[in-house]
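Everything in the sequence shown is counted per our numbering, starting at 362 for the first residue and increasing by one.
All C-beta atoms, glycine included, are put in the ideal place defined by N, C-alpha and C.
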Amino acid sequence: MEVIKPYRYLHKLDIERQAQDVLRDVQTKRKRPVKWPPIDPTIVAESLDLDVEWFAIPPDAQGSIAAMIWPLDRKIIINEAIPQLRGGFGQSTLAHEVGHWMLHIDRYAVGNFIERADPNIEIAVEPFLCRSVSSQQGIEWQAQYFASCLLMPRDVLEQSRKGRNLTNWNHLYPMAGEFGVTISNLTNRLKDLGWIYIPKGSKEIYLGDTGTNG
Numbered sequence: 362m363e364v365i366k367p368y369r370y371l372h373k374l375d376i377e378r379q380a381q382d383v384l385r386d387v388q389t390k391r392k393r394p395v396k397w398p399p400i401d402p403t404i405v406a407e408s409l410d411l412d413v414e415w416f417a418i419p420p421d422a423q424g425s426i427a428a429m430i431w432p433l434d435r436k437i438i439i440n441e442a443i444p445q446l447r448g449g450f451g452q453s454t455l456a457h458e459v460g461h462w463m464l465h466i467d468r469y470a471v472g473n474f475i476e477r478a479d480p481n482i483e484i485a486v487e488p489f490l491c492r493s494v495s496s497q498q499g500i501e502w503q504a505q506y507f508a509s510c511l512l513m514p515r516d517v518l519e520q521s522r523k524g525r526n527l528t529n530w531n532h533l534y535p536m537a538g539e540f541g542v543t544i545s546n547l548t549n550r551l552k553d554l555g556w557i558y559i560p561k562g563s564k565e566i567y568l569g570d571t572g573t574n575g
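Here it is in structure tokens:
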């Protein structure tokens, strides 16, 4: 059974819009308002009826596996055997998997199968594997961009940046802590928004084309 969508180009604004829609749905479904930042991607996954579990995933012939999705079980598995996945990197990884679920899993096909499944017939569906959340190619880039928009929404960042100097690392590290992400996650998001610019090979930060707004 095929539940993975074929790759297609997605504009950044379309990805950001989908992340914003998910966050609005989370707020709508919860009795108590969610206070962000930080945004807990586990809460987001639960709002999408996805279970999140941590256990060791053994490597295969192609190397280590950071996480995987079992579409028909509506389950995200994070590899607890990778120490780096604890903390901000783990939050990003889970948000990355939520991005795959929203962008690359055919949820309509999954729902149809679950609704019509015959318990006496076993249908095999391979898990959706995530080997590297740092990959910038194709669907991996799309999922990571979704994760950035989910964990660091533009409007929440606007509030967080007030009174801060975005060209000062000492201001950025506490900001990353507020959002529960790594400093790399934060600077990549700020660069993508055009708020800052960091020349390749340099640690100097400059305001980007839109960095003086706000």
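For residue i, three-class secondary structure by DSSP
i: Leu511; result: helix
i: Ile400; result: coil
i: Pro560; result: coil
i: Gly538; result: helix
i: Ile500; result: helix
i: Ala380; result: helix
i: Ile443; result: coil
i: Leu527; result: coil
i: Ala485; result: A caution first: Ala485 carries a pLDDT of 49, below 50, which makes its placement in the model unreliable, though a value can still be read off. Ala485: coil per DSSP, three-state reduction.
i: Leu490; result: strand
Residues bridged to residue i (per DSSP)
i: Trp431; result: Lys436
i: Gly460; result: BP columns for Gly460 are empty, so no partner.
i: Lys567; result: With the sequence shown as reference, residue 567 is identified as Tyr, and Lys is not the correct amino acid for it. Beta-bridge pairing links Tyr567 to Tyr558.
i: Asp421; result: Gly424
i: Glu414; result: Ile438
i: Leu518; result: Per DSSP, none; premise fails for Leu518.
i: Ile466; result: Ile365
Beta-carbon proximity of residue i to residue j, cut-off 8 Å
i: Ala356; j: Thr454; result: Residue 356 lies beyond the stretch modelled for the chain, which goes from 362 to 575, so this question has no answer here.
i: Gln452; j: Pro402; result: yes
i: Trp557; j: Leu527; result: Residue 557 is actually Ile in this sequence, not Trp. Yes. Within cutoff.
i: Leu433; j: Val471; result: yes
i: Phe540; j: Ala380; result: no
i: Thr548; j: Gly449; result: no
i: Ile443; j: Ile466; result: no
For residue j and residue i, the rounded distance between their alpha carbons
i: Arg435; j: Asp412; result: 6 Å
i: Arg385; j: Asn529; result: 32 Å
i: Lys392; j: Ser408; result: 12 Å
i: Ala417; j: Ile438; result: 9 Å
i: Arg522; j: Ser509; result: 16 Å
i: Ile404; j: Val387; result: 8 Å
i: Arg525; j: Ala537; result: 12 Å
i: Ser502; j: Leu371; result: Correcting the residue identity first, residue 502 is Trp in this sequence and not Ser. Rounded to the nearest angstrom, the two C-alpha atoms are 10 Å apart.
i: Gly499; j: Asn531; result: 33 Å
i: Leu490; j: Ala456; result: 14 Å
i: Arg468; j: Asp382; result: 16 Å
i: Thr571; j: Glu414; result: 39 Å
i: Pro565; j: Glu363; result: First, the amino acid is wrong: residue 565 is Glu here, not Pro. Approximately 47 Å, taken between the alpha carbons.
i: Glu377; j: Asn546; result: 15 Å
i: Tyr368; j: Asp375; result: 15 Å
i: Gly569; j: Asn473; result: 46 Å
> Touch check for the region 549-556 and the region 453-469: three-plus C-beta pairs under 8 Å?
Replying inline: Counting C-beta pairs closer than 8 Å gives fewer than three between the region 549-556 and the region 453-469, which falls short of the contact rule.
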